[in-house]
Amino acid sequence: MGGCNLRLPTDRGIPRWEDSASFRVRYARRVSIGPRRPGATNLPRRSRRDRHARDYPESPPHERRRFTTDGGVVNEIITTAALTKRFGSLREPAVDQLDLHVRRGEVYGLLGPNGAGKTTTLRMLLGLQRPTAGTATVLDRPPGHPEGLARLGALVEEPAYYPYMSGRDNLRAIARYTGVDTARIGAVLTTVGLLERADDKVKSYSFGMRQRLGVAAALLKDPELLILDEPTNGLDPASIAAMRELVRSLGTGDRTVVLSSHQLGEVEQVCDRVGVIQAGRLIAEGPVAELRGTAAVWLVAEPVERALHIASSFEGVEAVHAENSGLRILLDPDRAADLNAKLVQAGVRVSELRPLVRSLEDVFLELTGPTPQEVGS
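Note that my numbering has the sequence shown beginning at 17, numbered continuously upward.
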């Protein structure tokens with residue numbers, strides 16, 4: 017064999033690579049140059065199983081819990097603590113000290129303008145990007161842990177498919193690659209409304225249909241946690257409405273859905289709780305109703321002094337503020353008719369009485385304006 021120095025076992029006749037001169041030279045070089053990184057050893061490359069044990073040490077499953085003000089227990093499926101991501105030498109971080117709390121069984125919306133850091137955050141939660149600082153827990157495991165990934169599905173940015181294959185065949189390929197039972201393909205196609213076009217080639221699909229196919233792929237594992245990055249981005253109004261209904265249906269039961277969006281209407285109509293992110297920082301988090309604040313009614317009446325006195329003493333009124341030509345009364349709009357009757361009975365001439373319900377858009381613009389306000393400030 018010349019200088020190759022291969023030894024052939026007599027029983028199988030198969031050359032052993034580790035007996036070759038080339039292997040001995042490579043091994044000697046690795047030993048002589050020292051560790052490649054802090055904590056590395058001068059040993060040959062570890063097996064995949066050994067590297068897995070190093071990166072994901074076994075620990076008993078645990079549930080991160082937080083207690084509510086009324087003594088109840090909140091079971092969180094995602095938590096982050098001071099999660100930060102910087103890219104290269106950029107001065108400002110893409111994600112800055114982010115503290116998220118996503119509860120099991122809810123639809124959670126990560127709301128923010130384009131470039132706020134939503135996609136970067138989701139990629140870190142999926143283990144696709146390593147954070148610069150901070151920690152995160154997803155499904156009681158570190159991001160990217162195989163046991164966690166087996167229990168979640170995700171659609172991040174625009175998915176890629178084989179255009180010459182049908183939607184069904186694409187899902188079949190994904191299922192085989194990920195070790196999922198192909199029997200679920202028909203069910204997920206029905207869920208996303210693609211069953212009738214399942215055997216058409218993907219190159220004939222519209223953008224909205226490809227997005228729905230991406231959701232179908234994410235649902236193949238019947239995941240506990242579903243992460244959707246801007247699922248309505250680039251869709252026409254009809255497709256947005258269809259995707260909104262789909263997300264709402266997926267959020268029923270025990271499944272948790274996390275979606276990022278800059279579409280206020282989508283988040284307001286679909287989500288149970290919202291986190292508002294601006295310039296990589298979380299500036300608000302809570303139920304949509306809480307973010308809107310207390311409902312109010314607007315009253316224009318004469319004489320103003322008498323109307324102010326009656327409204328201030330009316331049952332259910334939290335506060336009355338005189339603004340311009342009217343009164344802003346913090347009161348459940350459902351009680352407006354009772355207030356109107358009380359005012360008329362007292363001889364007050366009511367010319368306008370209407371509900372003032374802040375939309376999520378109002379809150380969003382207040383929070384993400386030139387001087388965003390921190391929660392509780």
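Glycine is no exception: its CB is placed at the ideal position from the N, C-alpha and C atoms.
- prompt: Could you give the uninterrupted runs of the beta strand (DSSP E) lying entirely in the stretch 340 to 364, keeping only those of 3 residues or more?
  reply: Within the stretch 340 to 364, the complete beta strand (DSSP E) runs of at least 3 residues are 342 to 346.
message: Excluding the 5 residues flanking VAL196 on each side, which residues of the same chain have their C-beta closer than 7 angstroms to its C-beta?
response: Excluding positions up to five away in sequence, the list reads LEU236 and LYS237.
query: Beta-carbon separation of THR6 and GLU301 under 8 angstroms?
result: With the chain covering only 17 through 393, there is no way to say anything about residue 6.
field: Residue closest to GLU339, alpha-carbon to alpha-carbon, out of ALA132, VAL320, ALA352 and PHE330
entry: Cα-wise, what sits closest to GLU339 is VAL320.
Boundaries of the alpha helix (DSSP H) in which PRO162 is found, first to last residue: Where PRO162 is concerned, the enclosing alpha helix (DSSP H) stretches over 162 to 165.
Distance CB(THR148)-CB(LYS101) smaller than 8 angstroms: At a Cβ-Cβ threshold of 8 angstroms, THR148 and LYS101 count as neighbours.
field: C-alpha distance - THR206 paired with ARG344, whole-angstrom precision
entry: Whole-angstrom Cα-Cα distance: 49 angstroms.
task: With distances taken Cα to Cα, identify the nearest neighbour of ARG308 among GLY143, VAL360, VAL290 and ARG264.
output: For the residues GLY143, VAL360, VAL290 and ARG264, the minimum Cα distance to ARG308 belongs to VAL290.
query: Secondary structure at GLY125, three-state DSSP: helix, strand or coil?
result: Three-state DSSP puts GLY125 in a strand.
query: Who are the near neighbours of ALA110 in its chain, counting only those whose CB is closer than 8 angstroms to its CB and skipping five residues on each side?
result: Taking C-beta separations shorter than 8 angstroms and ignoring five residues to either side along the sequence, the partners of ALA110 in its chain run LYS101, ARG102, PHE103, GLY133, THR136 and GLY296, following chain order.
query: Under 8 angstroms, do GLY332 and LEU315 count as touching if we go by C-beta distance?
result: Going by C-beta atoms, GLY332 is not nearer than 8 angstroms to LEU315.
message: What does the Cβ neighbour count give for HIS337, buried or exposed, with the cut at 16 atoms within 10 Å?
response: Result: exposed.
field: Where the alpha helix (DSSP H) containing ASP185 begins and where it ends
entry: Note, ASP185: alpha helix (DSSP H), 183 to 194.
message: Just checking LEU236 against the ligand COA - is the residue's beta carbon closer than 7 angstroms to any of the ligand's heavy atoms?
response: Only the bare structure without any ligand can be found here, which leaves the ligand COA out of the picture.
- request: Assign SER277 to one of two classes, buried (16 or more other C-beta atoms within 10 Å of its C-beta) or exposed (fewer than that).
  value: Buried, by the Cβ-count rule.
query: Just the Cα atoms here: how many angstroms apart are ALA170 and GLN227?
result: Those two C-alpha atoms are separated by around 12 angstroms.
- prompt: When the Cα atoms are used, what is the spatial distance from GLY269 to GLY121?
  reply: Each residue's alpha carbon lies about 7 angstroms from the other.
message: Measuring only the C-alpha atoms, how far is SER105 from ASP112?
response: One C-alpha to the other measures close to 15 angstroms.
field: Reduced DSSP secondary structure (H/G/I, E/B, other) of HIS325
entry: DSSP places HIS325 in helix when its eight states are reduced to three.
message: Quick check: what's the CA-CA separation for LEU210 versus PHE330?
response: When rounded, the distance between both Cα atoms is 55 angstroms.
Counted within 10 angstroms of its Cβ, other Cβ atoms place SER75 as buried (16 or more) or exposed: For SER75, the predicted model reports a pLDDT of 38, less than 50, meaning its position is unreliable and no value from the coordinates is stated.
task: To the nearest angstrom, report how far apart ARG157 and LEU126 are at their CA atoms.
output: Rounded to whole angstroms, ARG157 and LEU126 show a C-alpha spacing of 21 angstroms.
- prompt: What are the start and end residues of the beta strand (DSSP E) that includes ARG289?
  reply: 289 to 294 is the extent of the beta strand (DSSP E) around ARG289.
- prompt: Can you name, in chain order, every residue of its own chain whose Cβ lies under 7 angstroms from the Cβ of LEU317, other than the five neighbours on each side?
  reply: Residue 317 is actually Ala in this sequence, not Leu. Around ALA317, the same chain offers ALA323, LEU359, VAL364, ARG365, VAL366 and SER367 as residues with beta carbons nearer than 7 angstroms, after the five sequence neighbours per side are excluded.
Among LEU369, GLY128, ASN186 and THR96, the one whose alpha carbon lies nearest that of LEU116: With distances taken between Cα atoms, LEU116 lies closest to THR96.
task: Can you give me the Cβ contacts of ILE293 inside the same chain, cut-off strictly under 8 angstroms, excluding the 5 residues immediately before and after it?
output: Excluding sequence neighbours, ILE293 sits near LEU114, LEU126, LEU127, GLY128, ALA132, GLY133, LYS134, THR137 and ILE299.
- prompt: Relative to the C-alpha of GLN145, which residue among MET259, ARG351, ASP215 and LEU99 is closest?
  reply: The shortest Cα separation from GLN145 among MET259, ARG351, ASP215 and LEU99 belongs to LEU99.
- request: Using beta-carbon positions only, say whether TYR193 and LYS217 come within less than 8 angstroms of one another.
  value: No, these two residues do not count as a Cβ contact at 8 angstroms.
- prompt: Within 10 angstroms of its Cβ, does ARG107 collect 16 or more other Cβ (buried), or is it exposed?
  reply: Exposed, by the Cβ-count rule.
8 angstroms Cβ shell around TYR178 - same chain, five flanking residues per side excluded: The residues are ASP185, ASN186, ALA189 and VAL218.
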